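Notes to accompany the following structure.
Chains as they are written, first to last, in the numbering used here: chain D, 62 to 239; chain R, 20 to 633.
This is the structure:
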């Protein structure tokens, strides 16, 4: 629905400048202000269409939201796409970070950890771009499964980076849920 | 055949209203240019002051200004601070402002004006009605449609309260538009159509910052931030505090409970504050019951006094830049809105933060009303090719298990915006589901602003977890939430009962509309009476003064007689209650003294030429 309203074919790689242009062009066409002298039913229709356009643009312009949206459309359950489990390859790092954070909320060790996590996230972003292009060409379900696991790892890393930035002292399972 | 056909389908006139904390204005699109409408008293600004006279008449604006001192217990100002708020929110307000909150204000705040009580939307409606009358008098015909501006950072309840005020005033509120966005519209139309601009709006009681991208008539708000409790009023209160402390020491008197003294002092403090924007030092000069208080305040002292207030605007500015994804270098221009932006310290703080000299050439008091008129023109179809994409200032969330908030529409989302959530039952046979909606950025529901509880009713009894009700949350172009619900399996619309956490129910608003229609005629006549008497007093005082002028001596006795008669007749008529009769006598006295006025003027001119004093 979101791709349709922006007059696009479903794709994970999108040109952001082109997306902006489409959004502005359609906003000039659908904005509720342009329908204020029409009958109530038409006004409601314009409101709904305009809300849909804004929702679509907001979702699709952000690559992560866009990927989550495509996953959902392709039948990957929403709650399945967010895992609370620590990815196995991060277990050791998380343990060490926890130890360091118990000592202090900042310091060279924590800075180093943050840099490391940021590097890992950049790597994931690179892998994700490749996977996006691959799905756009093939529409293979396995690629979406791969993207889902990339998104989970990315989310986990983002939370870790936040902890190192905010200097929070606990890293409980619950606080990593969202 | 030369026949011009006139079609009787002229679009309804839509006016734009800036309903401000300190002053309110009404504007319209005069062909292609927005224009502020002047009231019958010759003023564009209508002070947001409402007074209930001992005779039961409601007076608004400049006419009510004097009542602040004469009848402080029957007069209210800055009511915007109470709009859409609960009793718990206003403890600070009540300490600093002479609001008289009536008992029984638990669910909806009621303020006392003399022996009567009113809700804040009703008070605001009196101001709106005055603006409506001003527009009708100036433009002819009846005005029923309006665009009203609100601070961008107003939450849902504050917006609803503003819309309710419009309804009570007999106005169809076609749109609530954010004040900084309105300012950008007026500014964009006048000065610039491309680029990234910041609008810094420090009003009487609220602060907003918005960052917009302008391209080819499209105004896209990137982000907005603010504080609905920060404004020029706070600066006045700082000066008041100092003066009151001085008076306590010097006179040994606590004047803080004397409404009359407070309002007289407040007027003086505001004068001093305004003068400090142009002068390096001023003297606060306060006379009270034969006593005299003076205090010199330099701009340096003043700036030290208010620096933290000005600094409080900078945090929201930084957050706004961050949310908009821009740096100060990306901002092409900063547009200043609101009377408080005349203060040099405010200007320099903004200049330092945005690294660009702020624009002040558009009157900061009028720009919001002008923008509201442009938006009115867009809705009426007379302004074309201008599209406004605004955002919601606060995140919308629902309370989930354990009081945690799940955000469903994030702040700075372009509106209209919507989100869908599916709800189910937790117990076998459960017939309804209660959804608590909050606004704000905090993790826990209790730390956010409770907006309303939506009760989904009439769910068919079935085992727990099997019902699937899809709820659609839609924030419309006014920034107001609409909720609809639908059974996912049957597609049947569910009824949703709304229990607003603050503010009026639809039934209460309806009752207030009824009441206002009943009293509309009386109120209007009473207000006219007060205004007529006030202009009668003004002209009588002026005439009495003119009689002492040397010029009076050169008039012949017949002319002096006519003046005396006109004055006497006006004095008699003033005791009556017919505003038109009083106005007629005012006009007669005006005519009778015309020649005298000219003579005085000539004497003065001659005196000036001679360099002698009369």
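Built from N, CA and C at the ideal position, the CB exists for glycine as well. Note that the coordinates shown come from a computational prediction; the quantities given were computed from them, not determined experimentally.
Grouping DSSP H, G and I as helix and E and B as strand, with all else coil, what is residue i?
| i | result |
| --- | --- |
| residue 486 of chain R | coil |
| residue 156 of chain R | helix |
| residue 75 of chain D | coil |
| residue 56 of chain R | coil |
| residue 189 of chain D | helix |
| residue 242 of chain D | Since the displayed chain D opens at 62 and closes at 239, residue 242 of chain D lies outside it and no answer follows. |
| residue 136 of chain R | strand |
| residue 116 of chain D | helix |
| residue 141 of chain D | Residue placement at residue 141 of chain D is flagged as unreliable, the pLDDT there being 45, under the threshold of 50; the coordinate-derived value follows with that caveat. Looking at residue 141 of chain D - three-state DSSP - the assignment turns out to be helix. |
| residue 352 of chain R | strand |
| residue 36 of chain R | strand |
| residue 206 of chain R | helix |
| residue 102 of chain R | coil |
| residue 165 of chain D | coil |
| residue 85 of chain R | coil |
| residue 65 of chain D | helix |
| residue 234 of chain D | In this predicted model, residue 234 of chain D has a pLDDT of only 34, less than 50, meaning its place in the structure is not dependable enough to derive any value. |
| residue 375 of chain R | coil |
| residue 167 of chain R | strand |
| residue 70 of chain D | coil |
| residue 512 of chain R | strand |
| residue 624 of chain R | helix |
| residue 85 of chain D | helix |
| residue 178 of chain R | helix |
| residue 176 of chain D | helix |
| residue 214 of chain R | strand |
| residue 614 of chain R | helix |
| residue 187 of chain R | helix |
| residue 124 of chain R | coil |
| residue 310 of chain R | strand |
| residue 25 of chain R | For residue 25 of chain R, the predicted model reports a pLDDT of 44, less than 50, meaning its position is unreliable; a value from the coordinates is still stated below. Three-state result, residue 25 of chain R: coil. |
| residue 118 of chain R | coil |
| residue 49 of chain R | strand |
I'd like to confirm the pairing. Which residues does DSSP put opposite residue i in its beta bridges?
| i | result |
| --- | --- |
| residue 96 of chain R | R:68 |
| residue 300 of chain R | R:317 |
| residue 43 of chain R | R:38, R:65 |
| residue 502 of chain R | R:492 |
| residue 194 of chain R | R:166 |
| residue 278 of chain R | DSSP output for residue 278 of chain R lists no bridge partner at all. |
| residue 131 of chain R | R:136 |
| residue 77 of chain R | R:71 |
Find the residues of chain R that neighbour residue i, judging by a C-beta separation of less than 9 Å, and give them in chain order.
| i | result |
| --- | --- |
| residue 127 of chain D | Result: empty, since nearest Cβ-Cβ is about 15 Å, beyond 9 Å. |
| residue 94 of chain D | 194, 394, 397, 398, 405, 406, 407, 496 |
| residue 67 of chain D | Those within 9 Å of residue 67 of chain D in chain R number zero; the least Cβ separation is about 14 Å. |
Below 7 Å on C-beta distance, what does residue i contact in chain R?
| i | result |
| --- | --- |
| residue 116 of chain D | 436, 437 |
| residue 97 of chain D | 193, 398 |
| residue 111 of chain D | 435 |
| residue 260 of chain D | Residue 260 of chain D lies beyond the stretch modelled for chain D, which goes from 62 to 239, so this question has no answer here. |
Chain D partners of residue i, CB-CB under 8 Å?
| i | result |
| --- | --- |
| residue 165 of chain R | Within chain D, no residue comes near residue 165 of chain R; the closest Cβ sits about 13 Å away, beyond 8 Å. |
Against residue i, what residues of chain D qualify as contacts under a CB-to-CB distance less than 9 Å, listed in chain order?
| i | result |
| --- | --- |
| residue 237 of chain R | 85, 88, 89 |
| residue 432 of chain R | 115, 116, 119 |
Give me the chain D residues within the contact set of residue i, using Cβ-Cβ distance strictly less than 7 Å, ordered along the chain.
| i | result |
| --- | --- |
| residue 493 of chain R | 112 |
For residue i, which residues in chain R fall below 8 Å Cβ to Cβ?
| i | result |
| --- | --- |
| residue 205 of chain D | By Cβ distance, chain R contributes nothing, its closest Cβ being about 22 Å from residue 205 of chain D, past 8 Å. |
Counting contacts by CB-CB distance shorter than 8 Å, is residue i in contact with chain B?
| i | result |
| --- | --- |
| residue 202 of chain R | No chain B is present in this structure, whose protein chains are D and R. |
* Every unbroken alpha helix (DSSP H) within the segment 515-568 of chain R, with a cutoff of 4 residues, ordered by chain -> 525-566
* To do: Can you check the segment 427-493 of chain R for any beta strand (DSSP E) of at least 3 residues that lies completely inside it and give the ranges in chain order?
  => 436-442, 452-458, 468-475
* To do: Taking only runs that begin and end inside the segment 219-260 of chain R, name each unbroken alpha helix (DSSP H) of 4 or more residues, in chain order.
  => Runs of the alpha helix (DSSP H) inside the segment 219-260 of chain R: none found.
* Asked: Mind pulling the beta strand (DSSP E) runs of 3 or more residues that sit fully within the segment 384-422 of chain R?
  -> Listed in chain order, the complete beta strand (DSSP E) runs (minimum 3 residues) inside the segment 384-422 of chain R are 406-408, 415-418.
* Asked: Quick one: complete alpha helix (DSSP H) runs, 4+ long, within the segment 564-607 of chain R?
  -> 569-572, 576-593
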